[in-house]
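Peer 1: Provided herewith is a single structure, encoded as C-alpha cells, for subsequent inquiry.
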Amino acid sequence: MFKEKFKQIQFSLLELLSILSFLGLCYCLFYKYHFYNTLGIPWFITNLSPQFVFFASLKLIIFATIILSIGYFIGFFFSKYSYKVIRVGSSPLILISIFAYFILFLIFQNSLPEYIFTIKSSDFLFSYLCVNTGVFLGAFYQQFTVNEDIVNENILLYSGSLQMQFIKYKKEVIYVSSFFLIILFFMQPMYFGKVEAKKILNEKKIYLSKALLKDSIKDWYLIESMGDKVLLIDKKNNIKIVEYKEIDLIQTDKKLND
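The numbering used here applies: residue 3 is where the sequence shown begins, and numbers increase by one.
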C-alpha cells in the first residue's frame, strides 16, 4: 500500500527547487541562530532580511543540489544495474556510513582536535552527508518503484548473513536511516554555528578584520554586515551594531605593493 502511494508521488522541477530552497533556508536559519546564540545575541536573528537569508543560502542550495544529484544517480543506477548480491550488501554499507557520520558528531566531537572541524572542513562533511543522502534516496526510490523482488532463490545462501537481516527488516532499516538523516540535517548547522562563533570569541584577531570607528580609538572587529548595518565585537567580546557611515576604515591582511 505504501509502495503504491509512493509511486503516485510526482514532483515537478519547480516543486523540487522549492523544496530545496526551503531546506536551504532552514539550514541557514538554524546555522545563524546558533551562531548568534553562542555570541550571546540570539535576538539578532530577527534582523535577518529575506534577501540576506536567500543569498546566504543560495550557495548552499546550488552546492547541495549538485552533490545530492550525484549521490542520487549513483544510488539509483547502482541499485538498478548491480548484481543482486552486491545490491544487498550495499544496504548495510550505506547505513553504516550514515551511522559513522552521526557518531562522529555526537560522540567524538569533543575528543577530536579542533582543527579538524574548521569552517572549510564543514564543506567536506556537508558534502559527505549530501552524497550519502543522495545515494540513499536514489536506492530508496529505485527499490520502491521496481516490481522485482530482491529476495529470491539466487541469494538464499546468504540467509544467515547480515545482508539478509537488512532485507528482512528492510522497512525498519529505511525508517531508521531516514530518522538519522533528519537528525543530521539539523545537527550540522547547529554544531558549526557554535564552532564558528567560538572561533570569533576566542581568536577574533585571526579570523576577523579590524574596524576603526570615526568617534572612537577603540579596536573593533567586523563580524558581518547586513544592509547598512555592521556587527562589531571588541577584545572583551562586547558586541556593537553600527551603521556603515560610522566606520572610518576596515583593516585587512592584504597590503598594496609599494
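Here a beta-carbon is modelled for each residue, glycine too, at the ideal position from N, C-alpha and C.
Less than 8 Å between C-beta atoms, sequence neighbours within five positions excluded: which residues of the same chain meet that for residue 139?
Peer 2: The answer, listed in chain order, is 70, 73, 74 and 77.
Peer 1: Strictly by DSSP, which residues pair up with residue 212?
Peer 2: 223 and 253.
Peer 1: Check each candidate in 242, 35 and 182 and name the one with the smallest Cα separation from residue 231.
Peer 2: The shortest Cα separation from residue 231 among 242, 35 and 182 belongs to 242.
Peer 1: I'd like the span of the beta strand (DSSP E) that includes residue 245, first residue to last.
Peer 2: Looking at the DSSP string, the run of the beta strand (DSSP E) that includes residue 245 is 241-245.
Peer 1: Using only alpha-carbon positions, find the residue among 38, 21, 53 and 22 that is nearest to residue 192.
Peer 2: The option with the nearest alpha carbon to residue 192 is 38.
Peer 1: In three-state terms, what does DSSP make of residue 233?
Peer 2: Residue 233 falls in the strand class under three-state DSSP.
Peer 1: Can you name, in chain order, every residue of its own chain whose Cβ lies under 7 Å from the Cβ of residue 250, other than the five neighbours on each side?
Peer 2: So the qualifying residues of the chain are 214, 215 and 216.
Peer 1: So what does residue 228 bridge to, in DSSP terms?
Peer 2: Looking at the DSSP assignment, residue 228 forms a beta bridge with 231.
Peer 1: Just verifying my parser: in three-state terms, what is the DSSP assignment at residue 20?
Peer 2: Correct three-state label for residue 20: helix.
Peer 1: Would you decide whether residue 253 is buried or exposed? Buried here means 16 or more other CB atoms lie within 10 Å of its CB.
Peer 2: So residue 253 ends up on the exposed side.
Peer 1: Is any beta-carbon of chain B found at less than 8 Å from that of residue 72?
Peer 2: No chain B appears in this structure, which consists of one protein chain only.
Peer 1: What would DSSP say about residue 238, mapped onto helix, strand or coil?
Peer 2: The answer is coil: DSSP assigns residue 238 none of H, G, I, E or B.
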